[in-house]
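Enquirer: Right, I'll just put the structure down here and ask away after.
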Amino acid sequence: MQEKVIITCALTGAGDTTGKSEHVPVTPEQIAADAVAAANAGAAVVHIHVRNIETGQGSRDVALYREVTRLIRESGVDVVVNLTAGMGGDLVIDQEDPLKPVDGTDLVNAHDRLPHVEELLPDICTLDCGSLNFGEGSQLYISTPDMLRTGSKRIQELGVKPELEIFDTGQLWFATKMIEEGLIDAPPLFQLCMGIPYGAPANPELLQTMVTMLPEGAQWASFSIGRNQLPWVAHSALLGGHVRVGLEDNLYLAKGVKATNAALTERAVSIVEGLGGTIASPDDARRILNLKGGSGVRGA
């Protein structure tokens, strides 16, 4: 187990979850309030998506990111801010006419996925390290090697730490190649994402295999979705990783008991401490991950 375990709380995501739980934050005020609550509960890092205020669907609106980060900063609560840069990779195709994108497609180039990162300069932003058949039907997430090299180079120029989102072993292979090419600064930070259809299944033996594939000196975390989220805190911590919880990935604290981000974070603290671990503070996280900023958002 790590000397100090970093807890990330993924606050809202972009999935169709707002109708399933009243606790999923939508507005900038709600997202920022949940960030503060999660930080007070023990999260060193908050992972942030934003949502269209009227529809509740995921958004790439820079103004919404600006408002969330402003509110977090003005709260006076110390937390490391991790902004998603994964939006803009969705392609939904017509099964009969595959060259024709249909409703739900939001596909832009690598640079156009980063304007909020360029403006706000968070400590961390995500980089989804490959393409994926995303669930049933005809939706794909698109992140090609050319896109990834372009995006990682720009993130490196900005001085932001990329969190390398890994949904399967081939993506881990390619992320390691980018490190070898000098596109990712040390220490690399990996997030091993398990149980998302149809990437790596939530299998502890597979997690252990993926951990053995990580390059020397890497920092890493792992999570799984749904009912596997809280058991995965233990799996990840015991294998020497950091952990992630939050309403992006799981809406329940127990069967039939809807969760909040703060409650999921508190449960993660209990699990890690019950295993004999120590929870990392935001400053611990900055030291462990060699982050350049000290206030969560350096340019907002």
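When we follow the numbering used here, the leftmost residue of the sequence shown carries the number 804, and every step to the right adds one.
Note that beta-carbon positions come from the ideal geometry of N, C-alpha and C, so glycine has one too.
Taking contact to mean at least 3 C-beta pairs separated by less than 8 angstroms, is the stretch 871-878 in contact with the stretch 833-842?
Expert: Enough Cβ pairs lie closer than 8 angstroms, so yes.
Enquirer: Beta-carbon separation of Gly-891 and Arg-863 under 8 angstroms?
Expert: For this step, residue 891 is matched to residue 88 along the sequence shown. For this step, residue 863 is matched to residue 60 along the sequence shown. A contact, by the Cβ cut-off of 8 angstroms.
Enquirer: Measuring only the C-alpha atoms, how far is Ile-987 from Leu-1067?
Expert: Translated into positions along the sequence shown, residue 987 becomes position 184. Translated into positions along the sequence shown, residue 1067 becomes position 264. Using only the alpha carbons, I get a separation of about 31 angstroms.
Enquirer: Do the CB positions of Pro-802 and Val-883 come within less than 8 angstroms of each other?
Expert: Beyond the ends of the chain as shown, which are 804 and 1103, falls residue 802; an answer cannot be given.
Enquirer: When you compare the stretch 961-970 with the stretch 922-932, are there three or more beta-carbon pairs, one atom per stretch, that lie closer than 8 angstroms?
Expert: Enough Cβ pairs lie closer than 8 angstroms, so yes.
Enquirer: Since Gly-933 contacts Ser-946 with CB under 8 angstroms, what's their CB separation in whole angstroms?
Expert: Translated into positions along the sequence shown, residue 933 becomes position 130. Translated into positions along the sequence shown, residue 946 becomes position 143. With 8 angstroms as the limit, Gly-933 and Ser-946 qualify as a contact, their Cβ atoms being about 6 angstroms apart.
Enquirer: Across which residues does DSSP place Asn-936 in a beta bridge pair?
Expert: Position 133 of the sequence shown, counted from the first residue, corresponds to residue 936. Note: Asn-936 sits in a beta bridge opposite Leu-943.
Enquirer: What do you get for His-914, buried or exposed, if any count of 16 or more other CB atoms within 10 angstroms of its CB means buried?
Expert: Counted from its first residue, the sequence shown places residue 914 at position 111. By the neighbour-count rule (16 or more Cβ atoms within 10 Å), His-914 is not buried but exposed.
Enquirer: Check each candidate in Arg-1090, Asn-1053 and Arg-1089 and name the one with the smallest Cα separation from Cys-812.
Expert: Residue 812 sits at position 9 when you count from the first residue of the sequence shown. Of the listed residues, the one whose Cα sits closest to Cys-812 is Asn-1053.
Enquirer: For the beta strand (DSSP E) containing Asn-855, list its first residue and its last residue.
Expert: Counting from one through the sequence shown, the residue named residue 855 turns up at place 52. Where Asn-855 is concerned, there is no enclosing beta strand (DSSP E), given that its DSSP letter is neither H nor E.
Enquirer: Bridge partners of Trp-1023, per DSSP?
Expert: The residue you call residue 1023 lines up with position 220 of the sequence shown. Phe-993, per the DSSP bridge assignment.
Enquirer: Could you have a look at Thr-811 and say whether DSSP puts it in helix, strand or coil?
Expert: Position 8 of the sequence shown holds residue 811. Thr-811: strand per DSSP, three-state reduction.
Enquirer: Compute the beta-carbon to beta-carbon distance between Tyr-944 and Asp-906, rounded to the nearest angstrom, for a pair I have assumed lies under 8 angstroms.
Expert: Position 141 of the sequence shown, counted from the start, is the residue given in the question as residue 944. Position 103 of the sequence shown, counted from the start, is the residue given in the question as residue 906. About 16 angstroms; that fails the 8 angstroms criterion.
Enquirer: Select from Pro-925, Leu-902, Ala-842 and Glu-806 the residue whose C-alpha is nearest the C-alpha of Ser-878.
Expert: The residue you call residue 878 lines up with position 75 of the sequence shown. When only C-alpha atoms are compared, the closest one is Ala-842.
Enquirer: With distance defined between alpha-carbon atoms, name the residue in Ile-999, Ala-1040 and Ala-1062 nearest to Gln-1011.
Expert: Sequence index remark: in the sequence shown, residue 1011 carries index 208 (1-based). It is Ala-1040 whose Cα lies nearest to the Cα of Gln-1011.
Enquirer: Taking the alpha carbon of Thr-858 as the reference point, which residue from Val-829, Val-849 and Tyr-868 has its own alpha carbon closest?
Expert: Locating residue 858 in the sequence shown gives position 55, where the first residue counts as 1. Nearest option by C-alpha distance: Val-829.
Enquirer: Taking 8 angstroms as the CB-CB cut-off, is Gly-940 touching chain D?
Expert: The question asks about chain D, but that chain is absent: this structure has only one protein chain.
Enquirer: Inspect the beta-carbon positions of Ala-1021 and Pro-1000 and report whether they are closer than 8 angstroms.
Expert: Residue mapping note: residue 1021 aligns to position 218 of the sequence shown, counting from 1. Residue mapping note: residue 1000 aligns to position 197 of the sequence shown, counting from 1. No, they are not a contact pair.
Enquirer: Any idea which residues DSSP pairs Val-849 with across the strands?
Expert: One-based indexing of the sequence shown puts residue 849 at position 46. Looking at the DSSP assignment, Val-849 forms a beta bridge with Cys-812 and Val-884.
Enquirer: Can you tell me whether Asp-949 is buried or exposed, with buried defined as 16 or more other CB within 10 angstroms of its CB?
Expert: Residue mapping note: residue 949 aligns to position 146 of the sequence shown, counting from 1. Under this definition Asp-949 is an exposed residue.
Enquirer: Use the C-beta contact count for Thr-1015: other C-beta atoms within 10 angstroms, 16 or more gives buried, fewer gives exposed.
Expert: Within the sequence shown, residue 1015 is the residue found at index 212, counting from 1. Exposed, since its Cβ has fewer than 16 Cβ neighbours within 10 Å.
Enquirer: If you draw a straight line from the alpha carbon of Leu-1017 to that of Val-920, how long is it in whole angstroms?
Expert: Residue mapping note: residue 1017 aligns to position 214 of the sequence shown, counting from 1. Residue mapping note: residue 920 aligns to position 117 of the sequence shown, counting from 1. Each residue's alpha carbon lies about 26 angstroms from the other.
Enquirer: Which residue's Cα is closest to the Cα of His-850: Pro-925, Glu-806, Leu-902 and Arg-957?
Expert: On the sequence shown, residue 850 is found 47 positions in, with the first residue counted as 1. Ranking Pro-925, Glu-806, Leu-902 and Arg-957 by Cα distance to His-850 puts Pro-925 first.
Enquirer: So who's on the other strand from Lys-964, going by DSSP bridges?
Expert: Position 161 of the sequence shown, counted from the first residue, corresponds to residue 964. Answer is Ile-927, bridged to Lys-964.
Enquirer: Compute the beta-carbon to beta-carbon distance between Leu-1009 and Val-827, rounded to the nearest angstrom, for a pair I have assumed lies under 8 angstroms.
Expert: Counted from its first residue, the sequence shown places residue 1009 at position 206. Counted from its first residue, the sequence shown places residue 827 at position 24. With a Cβ gap of about 29 angstroms, Leu-1009 and Val-827 do not count as contacting.
Enquirer: Just curious, the alpha helix (DSSP H) that His-1038 is in, first and last residue?
Expert: As a first step, residue 1038 must be located in the sequence shown, where it is residue number 235. Start and end: 1032-1041.
Enquirer: Which residue marks the beginning of the beta strand (DSSP E) containing Tyr-1055, and which one marks its end?
Expert: Here residue 1055 refers to the residue found at position 252 when the sequence shown is read from its first residue. It spans 1055-1057 - the beta strand (DSSP E) in which Tyr-1055 sits, taken as one unbroken run.
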